[in-house]
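Numbering (the working numbering), first residue to last: 7 to 107. Ideal placement from N, C-alpha and C gives every residue a C-beta, glycine not left out. What follows is a short report on a single structure.
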Amino acid sequence: MQITEVKVFPVEEEKLKAYVTITIDACFVVRDIKIIQGTAGYFVSMPSKKRKDGTYQDVAHPIDKETRAMIEGRILEEYGKTIGASREQVASSPKPRLKAN
């Protein structure tokens with residue numbers, strides 16, 4: 007599996023930094039991924055929907071740690087390019103993590 011396209015849409019909010027759309031193998035799109043700046047650094051939140059009980063459930067998400075790391079790396083790399091920072095600068099702010107809703 008390869009991420010063939012990453013589109014970053016920065017936003018001007020306190021914690022929410024961007025929405026992201028990724029294309030996998032040039033044939034499958036995942037929209038509404040979020041980059042959020044938390045107390046421990048940036049993290050990637052998968053698209054989710056609100057359930058009747060008020061909790062949120064991911065609509066799409068990686069199954070294993072390796073896939074999560076690959077997706078997070080590509081997203082943060084493209085986010086860094088979009089805002090004019092290197093991936094290292096984004097990744098060291100302070101430590102990015104992937105959030106599973």
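Fully contained in the stretch 19 to 76 are the following beta strand (DSSP E) runs of length 3 or more, in chain order: 22 to 30, 34 to 44, 47 to 51, 54 to 56 and 62 to 64. Around the C-beta of V12, 16 or more other C-beta atoms lie within 10 Å, and the residue is accordingly described as buried. Of the candidates I69, P53 and K23, P53 places its Cα closest to the Cα of Y62. Rounded to whole angstroms, E19 and H67 show a C-alpha spacing of 24 Å.
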